[in-house]
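I have placed the structure first, in the form of structure tokens, so that the comments after it can refer back to it.
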Amino acid sequence: MPTPTTIICLLAFLAVLAAATGDGTTTTTHLHFYIHETFAGDNATTASLAPSPLAVAGSNSSFGSVGALDDELREGSDAASRYLGRVEGLVVQADLGNPAAAWTLLTLAFAGGDYNGSTLVLDGRVDFGAAGDMERAVVGGTGRFRRARGYSLMTKFGNPTPNTGVFEMDVYVTTMA
């Protein structure tokens, strides 16, 4: 026979578990937007923070390098399209291959509209040399995207100028209602 303390602990655990899971209702949202990146110049949105320590002949000279970005998130591929927020994050060359893939950790920070003040956090490997979509996991969020899970698909859209790049992104996000 369980003791009263054991029964109380079990009931408390079940109450916490029930509160944490909610009613189990989820909502899936599809977001579509463009990331505008500037590689160089006065308005650069990317920066090299640490070069590779392996910059020797015959090795992958980018392995170990670290960069940061603070790109614009826009509704369309045109730089004059509606501003939605920022894409802020880190890029680490963590692949010995050549060309190397990168590990990325990104925060999509929405500024305006239905998602104003909300964020999504993406984590994953990006192989810029591969054909097709680059996929990352949605590992969390804040505001409207609290407890978010899902994935993103990104493709290179184009280079409007030699110093800029545009990426198209679709994000599929599931949140608890």
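Quick note, the sequence shown lines up with residues -20 to -1, 1 to 157 if you use mature numbering (1 follows the signal peptide of the UniProt record, and there is no 0).
For every residue, glycine included, the Cβ atom is placed at its ideal position computed from N, Cα and C.
I think Val72 touches Val46, with their Cβ atoms under 8 Å apart; what is that distance to the nearest whole Å? Between Val46 and Val72 the Cβ distance is about 5 Å, and since that is below 8 Å, they are a contact.
For the beta strand (DSSP E) containing Asp50, name the first residue and the last one. First-last of the beta strand (DSSP E) with Asp50: Val46 to Arg54.
Could you pull the DSSP bridge partners for Ser132 from this structure? BP columns for Ser132 point to Arg116 and Val151.
Applying the 10 Å Cβ sphere with the 16-neighbour rule, what's the burial state of Ala80? Buried, since its Cβ has 16 or more Cβ neighbours within 10 Å.
Backbone secondary structure at Gly92 - three-state DSSP: It is coil, neither helix nor strand.
Have a look at Thr8 and Glu115 and give me their C-alpha separation to the nearest angstrom. Our two residues, Thr8 and Glu115, have alpha carbons roughly 18 Å apart in a direct line.
For Glu52 and Thr5, what's the separation of their Cα atoms in angstroms? Straight-line Cα distance between these residues: approximately 33 Å.
Could you round the C-beta distance between Thr154 and Gly121 to whole angstroms and report it? I think they count as a contact, below 8 Å. At roughly 11 Å, the Cβ-Cβ gap does not stay under 8 Å, so Thr154 and Gly121 are not in contact.
State buried or exposed for Arg127, treating a residue as buried only when at least 16 other CB atoms are found within 10 Å of its CB. By the neighbour-count rule (16 or more Cβ atoms within 10 Å), Arg127 is not buried but exposed.
Range of the contiguous beta strand (DSSP E) that encloses Gly66: Here residue 66 turns out to be Arg, not Gly, going by the sequence shown. Looking at the DSSP string, the run of the beta strand (DSSP E) that includes Arg66 is Tyr63 to Val72.
Would the beta-carbon of Glu68 fall within 8 Å of that of Ala82? Going by C-beta atoms, Glu68 is not nearer than 8 Å to Ala82.
Considering only their Cβ atoms, is the gap separating Glu55 from Thr144 smaller than 8 Å? With contacts defined as CB atoms closer than 8 Å, Thr144 and Glu55 fail to qualify as a contacting pair.
Residue range of the beta strand (DSSP E) that includes Leu34: No beta strand (DSSP E) holds Leu34; DSSP gives it neither H nor E.
Taking the beta strand (DSSP E) that Arg127 belongs to, which residues open and close that run? Element bounds for Arg127: n/a, residue is neither H nor E.
Contact check, Pro142 vs Ala59 under 8 Å by CB: the rounded distance? 15 Å between Cβ atoms; not a contact.
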